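In the working numbering, the protein residues as written are 2 to 194.
Glycine is no exception: its CB is placed at the ideal position from the N, C-alpha and C atoms.
Remember, predicted model here, so these are calculated numbers, not experimental data.
Notes to accompany the following structure.
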């Protein structure tokens with residue numbers, strides 16, 4: 002299985018997957034990494050791992066539609082089987098969705114459908130969890146469709162909400178589970194007939 006990664010910042014889940022590939026835990030190949038952010042740590046991590054890395058954004062490509070087309074071109078040129086989002090903060094374009102149907106994965110820092118949808122990302126999610134009084138949260142790996150955090154759920158992991166939690170402490174505990182959850186989902190996809 003050849004994986005293409007889209008990340009806007011550090012790509013911590015991407016880096017966990019790369020470690021799993023390097024150690025032989027995951028029988029996959031990292032084919033390419035793409036970011037909308039030229040300073041993304043994910044691009045540096047990909048380059049250090051010898052993986053082709055590209056910055057594709059509206060400024061460089063000339064608009065969102067052009068970015069969408071260029072993402073598809075790069076993913077196809079690198080023969081990607083599955084697209085893995087690792088903190089990618091841009092909406093996935095129609096062309097990418099059409100060319101990779103049911104093959105774009107995302108990890109979200111809550112137990113979807115709770116605390117998902119437009120505007121629910123990063124610290125906003127963890128703040129909303131705490132404000133709601135929820136006793137547990139977690140991470141969800143799901144398929145990506147045209148709506149935010151809407152696609153079919155593939156797996157979830159649960160994390161208790163502690164009385165002493167702050168948004169940042171909760172974020173760190175949830176983030177610590179995301180890479181492993183992604184690896185488990187990818188292992189299942191590889192083993193599927």
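Limits of the unbroken beta strand (DSSP E) element including residue 143: Per DSSP, residue 143 is one residue of the beta strand (DSSP E) stretching across 137-144.
Determine the direct distance from the alpha carbon of residue 135 to that of residue 62, and round the result to whole angstroms. Cα atoms of residue 62 and residue 135: separation of roughly 42 Å, rounded to the nearest angstrom.
Excluding five sequence neighbours on each side, which residues of the same chain lie with their C-beta closer than 6 Å to the C-beta of residue 101? Excluding sequence positions up to five before and after residue 101, its CB lies within less than 6 Å of the CB of 84, all in the same chain and listed in chain order.
Does residue 46 come out as helix, strand or coil in the three-state DSSP assignment? The answer is helix: DSSP assigns residue 46 an H, G or I state.
Per-residue DSSP class, three states only, for residue 157: In the structure shown, residue 157 sits in a strand (DSSP, three-state: E or B).
Per DSSP, cross-strand counterpart(s) of residue 36: According to DSSP, which records beta bridges pairwise, residue 36 is partnered with 56.
When the Cβ atoms of the segment 21-29 are set against those of the segment 51-69, are three or more pairs found closer than 8 Å? They do not touch, by the three-pair rule.
Per DSSP, what kind of secondary structure is residue 89 in: helix, strand or coil? Assigned with DSSP and collapsed to three states, residue 89 falls in coil, not helix or strand.
Given 6 Å as the limit, tell me if residue 125 has its C-beta closer than that to any heavy atom belonging to the ligand SAH. No copy of the ligand SAH appears in this structure; indeed no ligand is present at all.
Residue from 131, 146, 144 whose Cα sits closest to the Cα of residue 161: Distances from the alpha-carbon of residue 161 to those of 131, 146, 144 put 131 closest.
Where does residue 5 fall in DSSP's three states? The answer is strand: DSSP assigns residue 5 an E or B state.
When DSSP builds the beta bridges, which residues end up paired with residue 84? The partner list for residue 84 (beta bridge, DSSP) reads 5, 105.
In the DSSP output, which residue or residues are listed as bridge partners for residue 66? None; residue 66 has no bridge partner.
Could you give the DSSP three-state label for residue 147: helix, strand or coil? Residue state, collapsed to three classes: coil.
Three-state secondary structure assigned by DSSP to residue 17: The answer is helix: DSSP assigns residue 17 an H, G or I state.
Nonlocal neighbours in the same chain, by C-beta distance under 7 Å from residue 58, ignoring five residues either side: Cβ within range, chain order: 37, 68.
For residue 39, I'd like the list of residues in its chain whose CB is within less than 6 Å of its CB, leaving aside the five on either flank, ordered along the chain. Around residue 39: 56.
C-alpha gap between residue 117 and residue 129, whole angstroms: Just so you know, the alpha carbons of residue 117 and residue 129 end up roughly 10 Å apart.
Leaving out five residues on either side along the sequence, give the residues of the same chain with a beta carbon under 6 Å from the beta carbon of residue 89. Same-chain partners within the cutoff: 7, 8, 9.
Per-residue burial, residue 120 [other beta carbons within 10 Å of its own, 16 or more giving buried]: Residue 120 should be labelled exposed.
Straight-line Cα distance separating residue 108 from residue 141: A direct Cα-to-Cα measurement between residue 141 and residue 108 gives close to 5 Å.
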